[in-house]
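Undergrad: There's a structure below that I have some questions on.
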Amino acid sequence: MKKLILVWFMVGILLASGAFTALSAEVQADPVTINWWHIQTETEHRNLWQNLADQYMAENPNVKIEITVLENENFKAKLTTVMQSGEVPDLFQSWGGGTMNDQAEAGLLKDITAYLDKDGWRETFSEGALGVYAYDGKNYGVPRDMGMVGFWYNKELFAQVGIDNPPATWTELLDDIEKLKAAGITPIALGEGDKWPGAFYWEYLAVRIGGEDAFVKAASREGSFTNPAFVEAGEKLLELVAADPFQLGFLGATWADEATLMGNGEAAMDLMGQWAPGSFRENSIDSQGLGDKTGWFKFPMVEGGAGHPNDALGGGNGFVVGKNAPEETVDFLKFISSVESQIAQAEVGLSVPVIKGAEAGLTDPTLILVQQGAADAGYFQLYYDQYLPPATGSVVNDAVQGLFAGTMTPEEAAQMVEDSAAREIK
Amino acid sequence: MSVNDSKRRKRFKKNSPLILKYIILIVAAIFILFPIVMIIFGALKTRGEFMTIPYIPPIPPRWGNIKTVLSMPIFWYMLRNSVLVMIATTAGVVITASLSAFVFSRIKFRGQNLLFNFFTLGLMFPITVAILPIYLVIRQLGLTNNLIGVILVQIAFQLSISIVILRNFFMAVPFELQDAASIDGCSTLGFFWCILLPLARPSLAAVAALTVVTSWNDLLVPLVLIDKEKLWTLPLGTMQFQGQYGMDLSLVAAFLLLSAIPALIFYLLAERQLVSGLTAGALKG
Amino acid sequence: MSKKTSDKVVRILPQTNNSTWQLQENMTIMLFLLPAFIFLSIFLVYPIFRSAYFSLFNWKGLGPAVDYIGLENFRRLIADQIFLKAVRNGILIVVFSLLIQLPLAMGLALIVGRNIPGRAFFRAIFFMPYVLSEVITAVMWLILYNPNPSRGFLNAIINIIPFLEPQAWLADTSLVLPAIFVVLTWKYIGFHMLLYITGLQNIPREIEEAALIDGVNSHQMVTHITIPLLAGTIKTSVYLSIIGSLQVYALVWIMTRGGPVNASEVMSTYLYRYSFVRFELGYGSAVAIVMLLISLTFSIIYLRLTRKAEYLA
Numbered sequence: 232m233k234k235l236i237l238v239w240f241m242v243g244i245l246l247a248s249g250a251f252t253a254l255s256a257e258v259q260a261d262p263v264t265i266n267w268w269h270i271q272t273e274t275e276h277r278n279l280w281q282n283l284a285d286q287y288m289a290e291n292p293n294v295k296i297e298i299t300v301l302e303n304e305n306f307k308a309k310l311t312t313v314m315q316s317g318e319v320p321d322l323f324q325s326w327g328g329g330t331m332n333d334q335a336e337a338g339l340l341k342d343i344t345a346y347l348d349k350d351g352w353r354e355t356f357s358e359g360a361l362g363v364y365a366y367d368g369k370n371y372g373v374p375r376d377m378g379m380v381g382f383w384y385n386k387e388l389f390a391q392v393g394i395d396n397p398p399a400t401w402t403e404l405l406d407d408i409e410k411l412k413a414a415g416i417t418p419i420a421l422g423e424g425d426k427w428p429g430a431f432y433w434e435y436l437a438v439r440i441g442g443e444d445a446f447v448k449a450a451s452r453e454g455s456f457t458n459p460a461f462v463e464a465g466e467k468l469l470e471l472v473a474a475d476p477f478q479l480g481f482l483g484a485t486w487a488d489e490a491t492l493m494g495n496g497e498a499a500m501d502l503m504g505q506w507a508p509g510s511f512r513e514n515s516i517d518s519q520g521l522g523d524k525t526g527w528f529k530f531p532m533v534e535g536g537a538g539h540p541n542d543a544l545g546g547g548n549g550f551v552v553g554k555n556a557p558e559e560t561v562d563f564l565k566f567i568s569s570v571e572s573q574i575a576q577a578e579v580g581l582s583v584p585v586i587k588g589a590e591a592g593l594t595d596p597t598l599i600l601v602q603q604g605a606a607d608a609g610y611f612q613l614y615y616d617q618y619l620p621p622a623t624g625s626v627v628n629d630a631v632q633g634l635f636a637g638t639m640t641p642e643e644a645a646q647m648v649e650d651s652a653a654r655e656i657k
Numbered sequence: 004m005s006v007n008d009s010k011r012r013k014r015f016k017k018n019s020p021l022i023l024k025y026i027i028l029i030v031a032a033i034f035i036l037f038p039i040v041m042i043i044f045g046a047l048k049t050r051g052e053f054m055t056i057p058y059i060p061p062i063p064p065r066w067g068n069i070k071t072v073l074s075m076p077i078f079w080y081m082l083r084n085s086v087l088v089m090i091a092t093t094a095g096v097v098i099t100a101s102l103s104a105f106v107f108s109r110i111k112f113r114g115q116n117l118l119f120n121f122f123t124l125g126l127m128f129p130i131t132v133a134i135l136p137i138y139l140v141i142r143q144l145g146l147t148n149n150l151i152g153v154i155l156v157q158i159a160f161q162l163s164i165s166i167v168i169l170r171n172f173f174m175a176v177p178f179e180l181q182d183a184a185s186i187d188g189c190s191t192l193g194f195f196w197c198i199l200l201p202l203a204r205p206s207l208a209a210v211a212a213l214t215v216v217t218s219w220n221d222l223l224v225p226l227v228l229i230d231k232e233k234l235w236t237l238p239l240g241t242m243q244f245q246g247q248y249g250m251d252l253s254l255v256a257a258f259l260l261l262s263a264i265p266a267l268i269f270y271l272l273a274e275r276q277l278v279s280g281l282t283a284g285a286l287k288g
Numbered sequence: 026m027s028k029k030t031s032d033k034v035v036r037i038l039p040q041t042n043n044s045t046w047q048l049q050e051n052m053t054i055m056l057f058l059l060p061a062f063i064f065l066s067i068f069l070v071y072p073i074f075r076s077a078y079f080s081l082f083n084w085k086g087l088g089p090a091v092d093y094i095g096l097e098n099f100r101r102l103i104a105d106q107i108f109l110k111a112v113r114n115g116i117l118i119v120v121f122s123l124l125i126q127l128p129l130a131m132g133l134a135l136i137v138g139r140n141i142p143g144r145a146f147f148r149a150i151f152f153m154p155y156v157l158s159e160v161i162t163a164v165m166w167l168i169l170y171n172p173n174p175s176r177g178f179l180n181a182i183i184n185i186i187p188f189l190e191p192q193a194w195l196a197d198t199s200l201v202l203p204a205i206f207v208v209l210t211w212k213y214i215g216f217h218m219l220l221y222i223t224g225l226q227n228i229p230r231e232i233e234e235a236a237l238i239d240g241v242n243s244h245q246m247v248t249h250i251t252i253p254l255l256a257g258t259i260k261t262s263v264y265l266s267i268i269g270s271l272q273v274y275a276l277v278w279i280m281t282r283g284g285p286v287n288a289s290e291v292m293s294t295y296l297y298r299y300s301f302v303r304f305e306l307g308y309g310s311a312v313a314i315v316m317l318l319i320s321l322t323f324s325i326i327y328l329r330l331t332r333k334a335e336y337l338a
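Chain order of the listed sequences is A, B and C. Take 232 as the starting number for the first sequence in my numbering and just add one per residue. Take 4 as the starting number for the second sequence in my numbering and just add one per residue. Take 26 as the starting number for the third sequence in my numbering and just add one per residue.
If you want it as structure tokens, here you go:
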């Protein structure tokens with residue numbers, strides 16, 4: 232009797248789900264399919280891409296665009312697996328830099344230089360941003376967003392403890408942290424479980440202390456990551472950790488946790504890139520985020536550092552084209568890189584525009600600050616874990632997490648990065 | 004090891020009155036049920052309520068999150084995929100394992116022990132070890148992003164334990180029966196199909212139950228072999244869902260609840276088979 | 026105990042002493058074994074050899090493997106502090122399981138196994154976590170362990186208790202492994218309890234009654250009669266617990282990814298990270314081979330030891 236119920240139960244589930252999927256199935260058998268992988272899991276952003284895809288499909292009935300949306304970390308993982316087989320997606324998220332270079336070297340990307348040269352498509356992009364998606368003289372993708380990392384802060388909380396101006400120096404930052412702590416407010420939100428959010432701190436400190444020179448030399452192997460600048464960056468980081476400014480459990484928290492804290496006004500500051508406001512909104516209970524309480528200031532200057540206060544750490548987002556992608560992919564890429572598309576992206580805080588003429592779409596005052604900051608930077612450094620070969624970038628993130636956890640000294644951290652660089656960068 | 008065991012056991016097994024036993028059982032039951040109950044509570048609250056008053060029963064229960072999950076087509080795709088894989092894997096395992104177990108349990112031949120060790124290799128072998136080259140093999144066969152690839156791998160890794168379980172059960176079928184059958188002119192296949200299998204039905208059910216649970220809960224194989232969202236199985240989808248909506252804890256709880264329900268219903272219906280399969284395989288293995 | 030294979034040799038066809046009969050019998054045997062053999066060869070054995078092959082290369086996974094480096098991967102592996110920590114954590118989990126999980130399971134079995142009213146109910150409850158997937162379990166406990174008292178149940182309750190502080194369960198390097206161990210216990214204690222219950226049920230009543238007549242008290246009963254008779258079950262339970270502990274993956278990966286700072290790293294998360302996150306497939310293959318060797322070695326030694334013990338008993 233029980234067995235009979237069991238059998239009918241399983242048949243029932245099968246039928247029900249089969250029926251449901253049949254009802255929501257899409258039209259099959261179109262001649263050209265474009266596989267598009269992006270990482271915009273936030274509803275607003277996800278819908279924007281879907282709408283664009285729908286629009287394009289409506290105008291081009293022979294094209295079918297299949298979108299796979301993956302969360303950041305899952306995306307990186309999935310991409311690796313798929314890369315091995317050579318079955319690269321046709322169009323996918325990329326941050327450029329060393330990872331993309333590796334992919335290009337392995338012949339997994341489509342060379343779209345010729346497409347860019349046609350009809351002046353190349354000129355629509357901001358040169359610096361486009362360059363991130365080029366390797367060895369060839370272009371493999373286009374940017375949609377370029378910004379920089381800075382401190383996002385809650386103006387209301389700052390005002391509450393009497394901080395009138397955001398800190399401009401490292402000492403001021405530590406002071407402000409004390410004030411916030413005294414008032415029982417979590418000074419900084421950090422999702423160090425994901426490792427890359429914390430890496431920003433170390434990288435910026437290195438940028439401020441060592442300037443362009445230290446990193447460029449180390450990365451090109453003329454110098455070394457054991458340069459005192461990198462060690463001092465670690466020491467300054469330890470100063471920060473000693474001030475205990477992060478939320479309980481930060482070492483295991485994710486970027487989403489970080490965004491939730493900020494979005495709900497439970498933390499005062501967050502060192503993050505240009506996508507932050509959108510994430511704050513997405514992760515807040517009322518879906519409003521910080522609204523006009525949002526403030527932004529550049530990473531403070533470290534007294535006596537060789538860098539310049541305008542130096543920026545940052546990066547952008549873009550899409551690269553897979554080697555087996557059908558022709559229509561590039562056409563679609565052009566479509567989503569249009570000025571209208573960029574304006575729409577800017578309006579929902581998805582992208583800081585890189586296409587000339589789309590700046591008008593950027594209405595959010597803080598994002599304008601970000602864009603300005605990026606434009607002002609004399610030295611613009613791509614995040615280490617994208618600039619350097621993936622293995623070394625990974626080591627940087629691990630080493631910094633060790634600093635945060637107190638399991639590594641600044642010297643050890645720097646040495647670890649140096650060892651990896653020596654092994655990976657030939 | 005047994006000394007340590009007995010020391011601990013002393014605590015439980017003194018001339019304990021019944022009430023003490025019940026207290027222990029209830030405490031243990033609370034420990035087990037607590038997380039599940041909390042998830043049920045969480046699923047039935049709104050996101051805001053979850054954040055402010057998480058540990059109170061939801062009154063009134065909010066069905067919003069559950070409705071949201073049920074209205075996502077991807078949830079139904081995942082359900083369908085899990086069911087398909089599970090059914091195919093179970094059928095494959097039962098058939099293949101019973102064929103092999105039959106031979107090992109009733110026929111003596113040269114090299115038998117060596118071959119049997121080969122067949123039970125899978126018991127000593129975590130699948131994590133093999134997953135990378137398995138992916139490459141599947142790719143070679145052109146079966147990535149294809150549920151068949153998942154099915155084949157799952158069958159392979161479930162075979163060893165199934166063969167062990169079935170072999171034990173099969174050995175219990177009297178040999179006189181087989182002699183009688185061959186005297187009557189029944190072929191091997193006939194004996195296998197008409198006599199042995201029906202007699203061994205409980206063991207087949209046990210193996211099937213075990214395979215159902217293992218296949219349904221498998222994360223690693225679909226994770227590595229499948230990319231397309233539409234082909235995700237339930238565990239894979241749960242992990243992705245958590246990664247994506249992780250901050251909306253009540254929504255995640257709703258998803259968890261819904262994806263756990265099939266497993267729990269199956270458990271209630273097939274508990275006996277599961278238990279017999281596990282204990283048989285474990286005790287003789 | 027009984028011997029492994031039956032004494033009685035069964036011929037599947039009427040016995041005649043000619044070679045065609047022998048051939049037919051062999052053919053039948055082969056056909057029956059073929060499907061399983063194919064599956065196991067392709068998906069179990071062949072991958073091992075592939076892994077062994079790739080472990081000798083420095084391979085990024087993009088394109089073919091060409092950078093032969095011999096045993097360099099293995100040398101690096103043995104010297105890697107993090108791998109050693111992974112092994113150490115694995116051993117810790119094994120030891121804790123043996124010292125805590127199994128005795129608790131045994132205790133529960135002893136209580137529930139007897140004719141106590143409601144035992145079917147309790148049995149069903151304790152076994153439930155086993156059928157839930159590791160994914161569901163991990164996500165469930167992630168929510169419970171959330172450090173924010175307004176979100177994580179555990180800390181919310183602790184917050185109420187006056188002299189306990191909310192902890193960062195999964196983010197504190199010294200708390201994370203115990204925290205994961207609690208989850209493992211939650212999931213598997215019912216399974217082991219079940220094993221012991223079944224074992225207990227196989228103890229003939231007569232022996233216990235005879236012992237009672239001889240005047241043993243319940244403590245002596247347990248130590249001198251029940252446990253020795255449960256030896257077979259205990260042996261299996263220990264074996265499964267150790268193998269299971271050595272290969273735990275999904276639970277750890279989803280809850281902590283092996284973090285923070287590798288505090289909860291185990292061999293399978295280490296393997297996964299190097300294979301699927303860091304792109305170092307040659308090295309990952311080497312890790313796989315080492316994991317395999319550890320598992321196999323343990324299995325072989327354990328089976329030898331217990332067989333000997335049985336023989337001597």
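Note that the Cβ used here is the ideal one computed from N, Cα and C, for glycine as well.
1. Could you check whether A:V631 and A:H199 sit closer than 8 Å to each other, using their CB atoms as the reference points?
2. At a cut of 8 Å, does the stretch 171-189 of chain C reach the stretch 252-259 of chain C through at least three beta carbon pairs?
3. DSSP three-state call for A:P476: helix, strand or coil?
4. Could you name the residues of the same chain whose beta carbon sits closer than 7 Å to that of B:L281, not counting the 5 residues immediately before and after it, in chain order?
5. Alpha carbon to alpha carbon, how far is B:A211 from C:I268?
6. Quick check: is the beta carbon of C:M6 nearer than 8 Å to any beta carbon in chain B?
7. Would the beta-carbon of C:M153 fall within 8 Å of that of B:Y25?
8. According to the Cβ coordinates, are C:V208 and C:L276 closer than 8 Å?
9. For the stretch 342-351 of chain A against the stretch 623-643 of chain A, are there 3 or more C-beta pairs whose distance is under 8 Å?
10. Please find out if some non-hydrogen atom of the ligand GTP comes closer than 7 Å to the beta-carbon of C:F57.
11. Given 8 Å as the limit, is there contact between the stretch 189-203 of chain C and the stretch 145-159 of chain C, that is, 3 or more CB pairs closer than that?
12. By Cβ distance below 6 Å, which residues in the same chain neighbour C:Y155 in space, the five residues on each side in sequence not counted?
13. Going by beta-carbon coordinates alone, are A:V206 and A:M379 separated by less than 8 Å?
14. Does DSSP put B:A257 in a helix, in a strand, or in coil?
15. Roughly how many angstroms separate the alpha carbons of A:D595 and A:E273, rounded to a whole number?
16. When the distance is taken between beta carbons, is B:P265 closer than 8 Å to B:I153?
17. Could you pull the DSSP bridge partners for A:S325 from this structure?
18. Measuring only the C-alpha atoms, how far is B:T71 from B:L254?
19. So, is the C-beta of A:E302 closer than 8 Å to a C-beta in chain B?
20. Short of 6 Å in beta carbon distance, which residues of its chain neighbour C:L65, apart from the five on each side in sequence? Order them along the chain.
21. Taking the runs of the alpha helix (DSSP H) that are 4 residues or longer, which of them lie wholly in the stretch 101-175 of chain B?
22. Looking at chain C, is there any beta carbon in it that lies within less than 8 Å of the beta carbon of B:I90?
23. Compute the distance between the beta-carbons of A:L521 and A:G496, then report whether it is under 8 Å.
24. Hey, is C:A145's beta-carbon within less than 8 Å of any beta-carbon in chain A?
25. Are A:I440 and A:E463 close, meaning C-beta to C-beta below 8 Å?
26. Taking the continuous alpha helix (DSSP H) assigned at B:L21, which residues delimit it?
27. Using the C-alpha atoms, what's the distance from B:T123 back to B:I164?
TA: The short version:
1. With chain A running from 232 to 657 in the structure shown, residue 199 of chain A is simply not present.
2. no
3. Taking the first residue of the first sequence as 1, we reach residue 476 of chain A at position 245. Note: A:P476 maps to coil in three-state DSSP.
4. Locating residue 281 of chain B in the second sequence gives position 278, counting from the first residue. L213, listed in sequence order.
5. Within the second sequence, residue 211 of chain B is the residue found at index 208, counting from 1. Within the third sequence, residue 268 of chain C is the residue found at index 243, counting from 1. Cα to Cα, B:A211 sits roughly 22 Å from C:I268.
6. The displayed coordinates of chain C run from 26 to 338. Any statement about residue 6 of chain C would go beyond what the structure contains.
7. Start at 1 with the first residue of the third sequence, and residue 153 of chain C comes out as number 128. Start at 1 with the first residue of the second sequence, and residue 25 of chain B comes out as number 22. Against a cut-off of 8 Å, the Cβ pair of B:Y25 and C:M153 comes out as no contact.
8. As a position in the third sequence, residue 208 of chain C is number 183, starting the count at 1. As a position in the third sequence, residue 276 of chain C is number 251, starting the count at 1. In terms of Cβ geometry, C:V208 and C:L276 form a close pair [threshold 8 Å].
9. no
10. Of the ligands one can find in the structure shown there are none, so the ligand GTP has no counterpart to examine.
11. no
12. Here residue 155 of chain C is taken as the residue at index 130 of the third sequence, counted from 1. G215 and F216, listed in sequence order.
13. The question about residue 206 of chain A has no answer, for chain A in this structure spans 232 to 657.
14. Numbered from its first residue, the second sequence carries residue 257 of chain B at position 254. In the three-state reduction of the DSSP assignment, B:A257 falls in the helix class.
15. Working through the first sequence from its first residue, we reach residue 595 of chain A at position 364. Working through the first sequence from its first residue, we reach residue 273 of chain A at position 42. The straight-line gap from Cα to Cα measures roughly 18 Å.
16. For the purposes of this step, residue 153 of chain B is taken as residue 150 along the second sequence, with counting starting at 1. For the purposes of this step, residue 265 of chain B is taken as residue 262 along the second sequence, with counting starting at 1. One detail in the question is off: residue 153 of chain B reads as Val in this sequence, not Ile. Contact: no.
17. Start at 1 with the first residue of the first sequence, and residue 325 of chain A comes out as number 94. Residue pairing by DSSP places A:S325 opposite A:G549 in a beta bridge.
18. As a working mapping, residue 71 of chain B is identified with position 68 in the second sequence. As a working mapping, residue 254 of chain B is identified with position 251 in the second sequence. Cα-Cα distance, rounded: 8 Å.
19. By 1-based counting over the first sequence, the position of residue 302 of chain A is 71. Output row for A:E302: interface = yes.
20. Position 40 of the third sequence, counting from 1, holds the residue named residue 65 of chain C. The beta carbon of C:L65 lies closer than 6 Å to none in the same chain, with the five residues before and after it left out.
21. 115-122, 130-143 and 150-174
22. Position 87 of the second sequence, counted from the start, is the residue given in the question as residue 90 of chain B. It does not; no Cβ of chain C falls within 8 Å.
23. As a first step, residue 521 of chain A must be located in the first sequence, where it is residue number 290. As a first step, residue 496 of chain A must be located in the first sequence, where it is residue number 265. Going by C-beta atoms, A:L521 is nearer than 8 Å to A:G496.
24. Taking the first residue of the third sequence as 1, we reach residue 145 of chain C at position 120. No, its Cβ sits nowhere closer than 8 Å to a Cβ of chain A.
25. The sequence position of residue 440 of chain A within the first sequence is 209, counting from 1. The sequence position of residue 463 of chain A within the first sequence is 232, counting from 1. Cβ atoms of A:I440 and A:E463: closer than 8 Å.
26. By 1-based counting over the second sequence, the position of residue 21 of chain B is 18. Unbroken alpha helix (DSSP H) run through B:L21: L21 to A46.
27. The residue you call residue 164 of chain B lines up with position 161 of the second sequence. The residue you call residue 123 of chain B lines up with position 120 of the second sequence. Looking at the backbone, the Cα of B:I164 and that of B:T123 are separated by about 7 Å.
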